[in-house]
Structures are given as structure tokens and as C-alpha cells.
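Working notes, beginning with the structure itself.
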Amino acid sequence: MLTAVVVVAAALVVVLTRPGGTGGTGTEIQLQAASATGPDPFTRSTAKVPETPQPRAKLPASPASPTPAGTNVTRGVDGATPGLYGGTEKTASCDTEQQIRYLADEPDRNRAFASALGLAPASVPAYLRSLTPVTLRMDTRVTNHGFTDGAARPYQAVLQTGTAVLVDDRGVPRVRCACGNPLLPPVFARGPAERKGDAWPGYNPAETVAVTPAPRPVEVFVVYDPREQDYFAREKGDDGEKDRPAPPPRDPSTPVLVPPEEATARPSDEDTSGSPERESPGSGTTTPPGPATDGTATPGQRSPGEETSPGRPAEDTTGSVPPAQPPTGPASEEPPAPPPATGGTVPGNPPPTSEAPPGQEDLVPPSLPDVVVPPAGTPSSPAQAP
Numbered sequence: 393m394l395t396a397v398v399v400v401a402a403a404l405v406v407v408l409t410r411p412g413g414t415g416g417t418g419t420e421i422q423l424q425a426a427s428a429t430g431p432d433p434f435t436r437s438t439a440k441v442p443e444t445p446q447p448r449a450k451l452p453a454s455p456a457s458p459t460p461a462g463t464n465v466t467r468g469v470d471g472a473t474p475g476l477y478g479g480t481e482k483t484a485s486c487d488t489e490q491q492i493r494y495l496a497d498e499p500d501r502n503r504a505f506a507s508a509l510g511l512a513p514a515s516v517p518a519y520l521r522s523l524t525p526v527t528l529r530m531d532t533r534v535t536n537h538g539f540t541d542g543a544a545r546p547y548q549a550v551l552q553t554g555t556a557v558l559v560d561d562r563g564v565p566r567v568r569c570a571c572g573n574p575l576l577p578p579v580f581a582r583g584p585a586e587r588k589g590d591a592w593p594g595y596n597p598a599e600t601v602a603v604t605p606a607p608r609p610v611e612v613f614v615v616y617d618p619r620e621q622d623y624f625a626r627e628k629g630d631d632g633e634k635d636r637p638a639p640p641p642r643d644p645s646t647p648v649l650v651p652p653e654e655a656t657a658r659p660s661d662e663d664t665s666g667s668p669e670r671e672s673p674g675s676g677t678t679t680p681p682g683p684a685t686d687g688t689a690t691p692g693q694r695s696p697g698e699e700t701s702p703g704r705p706a707e708d709t710t711g712s713v714p715p716a717q718p719p720t721g722p723a724s725e726e727p728p729a730p731p732p733a734t735g736g737t738v739p740g741n742p743p744p745t746s747e748a749p750p751g752q753e754d755l756v757p758p759s760l761p762d763v764v765v766p767p768a769g770t771p772s773s774p775a776q777a778p
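Residue 393 is where the sequence shown starts when you use our numbering, and the numbers rise one by one after that.
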């Protein structure tokens with residue numbers, strides 16, 4: 393049986409760049425399997441193991457677009473994209489109340505957790521209750537944190553498809569439930585990245601994504617249920633009690649896509665890199681595109697233990713992805729408008745370029761035009777929970 397077609401219609405796939413010359417060094421990226429606790433966990437696991445394996449959503453090929461020579465690139469996917477996340481209808485992927493209790497029982501860990509996300513320690517319970525439990529449908533780059541010597545220590549990581557996370561109202565992962573660790577968006581540096589840990593079947597650095605904040609708060613997430621091979625709507629901050637069926641995020645004009653078993657493999661030994669575009673919460677806008685040469689994106693930095701607000705990463709890493717095969721027809725020279733919070737459609741129909749094991753992958757329609765991000769200032773922080 394063919395796996396369900398995932399239509400990530402509002403996926404804003406962006407090429408983000410940093411010069412690949414001298415002046416910077418790559419760092420380590422930890423590969424973290426969905427069920428693995430990982431190093432220095434904040435708490436015991438609060439993840440609920442799904443009964444059905446989460447199929448992999450396939451990243452669309454990148455349209456042709458000029459990018460500066462010697463740059464590192466990565467792709468960002470809008471956090472409001474329908475079908476970006478998975479789960480089981482009426483069942484939360486994480487036990488939020490247990491996470492709150494674990495942190496409340498150990499004030500030093502609670503303080504470190506709050507510091508990593510730029511929160512006051514007393515606001516952690518309300519913040520956690522504002523998040524939405526889902527599972528990843530793509531291998532996803534993040535800044536993870538371990539609890540070491542009384543403080544949150546950041547490190548770069550790739551979380552496997554099927555990882556249980558809590559996401560904020562912009563669709564950005566904020567907590568990894570298998571370890572209770574706070575999460576921030578990834579940051580990037582020049583130079584090659586060294587991957588640590590065991591790769592899982594189907595792992596391909598070129599298919600790893602970074603979730604970028606939705607341009608406006610998401611009231612309802614459209615989630616894919618692999619058990620039912622269908623979609624459901626989950627309200628932000630809800631544990632699944634209010635889940636209801638939702639139509640597939642599919643537009644009639646979307647071409648029929650080939651099934652996973654017919655997809656063409658595209659192995660890669662290169663890692664992804666770049667920096668997700670930033671935007672100010674509530675503004676409804678994202679960083680505008682700039683010239684197609686010498687684009688850089690400079691994420692904010694902080695020292696270990698220094699307080700930052702959610703959305704500001706804390707460490708650097710990198711990699712590179714060979715350019716995807718261009719589709720037929722000219723690429724657009726103008727960036728698209730920010731996608732709506734409940735999705736849309738994506739034009740074009742380039743062929744898929746990689747595969748995961750049969751039965752473990754769903755397809756995504758082609759992306760919007762690539763955009764090169766110009767130099768940017770320090771990103772703003774997502775809105776905090778009351």
C-alpha cells in the first residue's frame with residue numbers, strides 16, 4: 393500500500409547561506425535517534441512511544457537559483473506548514489504535566505531550563521502548557537541543551553524523524569520529550585561539520601531541515617496520523633483532547649506524485665548548513681531576500697549559562713549541501729509572500745531526489761523559489777508564554 397502523500401503546501405524552502413571562506417571553523421553535530429535520551433538529560437523521558445512508526449516526509453527538490461560560490465546552504469521549513477508534524481489523534485506525544493513535575497522537583501534544573509529559553513523560572517509551567525505535543529516528520533536541525541554543572545550547555549544536533557517534541561505557537565520545537573531538554577533553532581558556522589553518533593536508516597544530511605518561525609501565531613496545527621493514514625487538527629497547547637479530523641492539505645492543482653518506492657535515491661556525504669531566516673513575533677513578516685551574492689545570516693551568540701530568549705540559538709555548526717537538480721522552466725526572481733498559518737499550495741513539479749526505506753517515507757510537493765538571505769541583525773525572540 394502506498395504511504396499517504398504529505399502535502400507540505402506552505403513549506404517555504406529557502407537556501408540560507410554563509411561564506412565558506414576563512415575566518416570560521418565547523419563544530420560537531422550530534423545525531424540523536426528518536427528514542428535515545430542523549431547526553432546530560434534535563435529530566436527523565438516524558439515521551440509516549442507511538443504505536444505506529446512515523447513515516448518520513450520527503451523534502452522537495454530546490455528550484456534553480458543562483459547562489460554564491462563557496463557558500464554553505466540549508467533549508468528552512470515554515471513552522472505552520474500543514475503535515476510538517478505527525479502524531480496520533482486524541483493522544484499527546486509528550487506528557488507535559490509530568491515534565492512540569494520533574495522540573496519542579498529539581499529547582500536547579502528548572503532554573504537552567506528557564507535560562508536556556510529566556511524565561512523566569514516561575515513561568516516555566518505556564519510556558520510548557522502553552523506548547524503543543526507532536527512528532528517530527530523530517531530529520532531536523534536544532535540547538536539542543538544538556539544539563540551540566542548546574543547550567544544548560546548548548547550543542548548542535550539532528551533529531552530523527554519520529555522524535556516527540558513540544559512546539560511553540562510559531563511551530564518551532566522547544567522541548568525534546570525523551571530527555572526534557574530545551575531546544576532552540578540551530579546556528580551555523582563556516583567550515584565542515586563533524587557528525588557524531590550513529591546514523592539511522594534513511595538519514596541523509598541533504599534532507600535535514602531547520603524549522604523557521606511561522607509569520608504569525610498558529611492557532612491550529614494540521615497533523616498527520618500514520619496509524620489512520622489521515623490528518624487531524626490539533627489546537628495549540630492542547631494535549632489531544634480537542635483533536636478533530638481535518639482534510640488533507642492538498643490542492644486540486646497539485647500534480648500526482650510518484651510513490652516512495654519509485655523515488656530516485658540521492659545519497660550525500662555533505663551536511664546541511666546555513667541559518668534559518670528570522671522574523672519578529674507578531675509582525676507577520678520574514679527577513680526579505682537580498683542580492684544573490686555574498687548573502688550572510690549572522691545568528692545571535694551567547695555564552696554558556698547566559699540567559700537568552702526562545703529563538704536565539706547558542707552555538708555554531710555547519711555543513712554544505714550540493715545544489716539540487718533544477719526543474720524545467722525559469723526560477724522566480726522574487727521571493728514568495730509569507731505563507732498563511734494554515735497552509736497553501738506550492739507550484740512546480742520537479743522529480744523527487746532521494747528516498748527513505750519503503751513504507752517509511754511520504755512525499756512533499758516541489759518547493760517555492762530559493763532565496764538568498766542578506767546580512768541580518770540580531771533576531772527577535774518569539775513571544776513568551778504568560
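Using N, Cα and C, we set each Cβ at its ideal position, and we do this for glycine too.
Counting the other Cβ atoms within 10 Å of the Cβ of Gly572 gives 16 or more, which makes it buried. Closest by C-alpha distance to Thr527, out of Ala570, Pro605, Gly542 and Ala512, is Ala570. Annotation for Val516: the continuous alpha helix (DSSP H) segment containing it runs Val516 to Arg521.
With three or more CB-CB distances shorter than 8 Å, the region 535 to 550 counts as touching the region 429 to 438. For Pro499, the enclosing alpha helix (DSSP H) covers residues Pro499 to Leu509. Remark: C-beta atoms of Val579 and Val603 do not approach each other more closely than 9 Å. Around the Cβ of Pro474, a 10 Å sphere holds 16 or more other Cβ atoms; the residue is buried. Non-local beta-carbon contacts of Asn502 in its own chain, meaning distances under 8 Å to residues more than five positions away in sequence, involve Leu495, Ala496, Pro513 and Val516 in chain order. Within 10 angstroms of the beta-carbon of Glu599 lie 16 or more other beta-carbons, which makes it buried.
In this structure, Leu523 sits away from Gln424, with a CB-CB distance that is not shorter than 9 Å. By the Cβ rule, the region 578 to 598 does not count as touching the region 630 to 641, because fewer than three pairs are nearer than 8 Å. The alpha-carbon of Gly471 is positioned some 22 Å away from that of Ala506.
Nearest neighbour of Glu481 by Cα position, chosen from Ala518, Asp500, Asp635 and Gly468, turns out to be Asp635. In its chain, beyond the 5 residues on either side, Gln422, Leu423 and Gln424 have a beta carbon closer than 7 Å to the beta carbon of Gly589.
Close CB contacts of Cys486 within its chain, under the 8 Å cut and outside five residues either way in sequence, are with Thr438, Ala439, Lys440, Pro525, Ala556, Val557, Leu558, Val567 and Cys569 (chain order).
By the neighbour-count criterion, in which 16 or more other beta carbons inside 10 Å mark a residue as buried, Asp531 falls on the buried side. Short of 6 Å from the beta carbon of Pro637, and not among the five residues preceding or following it, lie these beta carbons of its own chain, in chain order: Phe624.
DSSP lists Thr527 and Tyr616 as the bridge partner or partners of Gly478. Counting C-beta atoms within 10 angstroms of its own C-beta, Gly479 has 16 or more neighbours from the protein chains shown and is therefore classed as buried.
Nearest C-alpha to Asp500 among Arg493, Gly542, Asn596 and Arg529: Gly542. When only Cα atoms are considered, Pro597 and Pro577 end up about 17 Å apart.
Shown here, Glu420 sits in a strand according to DSSP, grouped into three states.
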